[in-house]
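Some notes on the structure that comes next.
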Amino acid sequence: APLPDLGDQAEESEAREGRGETLLEITSPMVGTFYRALSPDSDPFTKVGRQISPGDVLCIIEAMKLMNELEAETAGVIQEICIGDGEPVEYGQVLFRVQPS
């Protein structure tokens, strides 16, 4: 059966969830600059080992001066943050790896 259309960012990642215990990859929905926090003085939105739930903000991707919040589409635990703060990202690039829960 086809997966339901969940709308936004992690459609590709959601498709991988059916494979059992493998890590879910959360990919960038756009080209831009990856930021882990709202500002250099703020705490990061998430970190390795943190439990996340659907709707939790994971990072911000700045594209053409617009700050786009990337929200979790699934529950799980962050296992890896694959890119450094302030680095450029490409469309489809893996940003986070999550152990689904």
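Counting along the sequence shown from 1, when you hit position 4 you're at -8 in our numbering, and nothing is skipped either side.
Ideal placement from N, C-alpha and C gives every residue a C-beta, glycine not left out.
Fair warning: this is a prediction, and the values are worked out from it, not measured in the lab.
Quick check on residue i: does DSSP put it in helix, strand or coil?
{"i": "Leu11", "result": "coil"}
{"i": "Gln87", "result": "strand"}
{"i": "Val82", "result": "strand"}
{"i": "Val36", "result": "coil"}
{"i": "Pro76", "result": "strand"}
{"i": "Glu61", "result": "coil"}
{"i": "Met55", "result": "strand"}
Let's see if you can read the secondary structure: which residues bound the beta strand (DSSP E) around residue i?
{"i": "Ile71", "result": "Segment: none, Ile71 is in no beta strand (DSSP E) and carries neither H nor E."}
{"i": "Ala51", "result": "Val45 to Ala51"}
May I ask you to check if the CB of residue i is nearer than 7 angstroms to at least one heavy atom of the ligand GDP?
{"i": "Arg24", "result": "As far as ligands go, the structure on display features none, and thus does not contain the ligand GDP."}
Which same chain residues, not among the five before or five after residue i, have their C-beta less than 7 angstroms away from its C-beta?
{"i": "Pro42", "result": "Ala60, Glu61, Thr62 and Ala63"}
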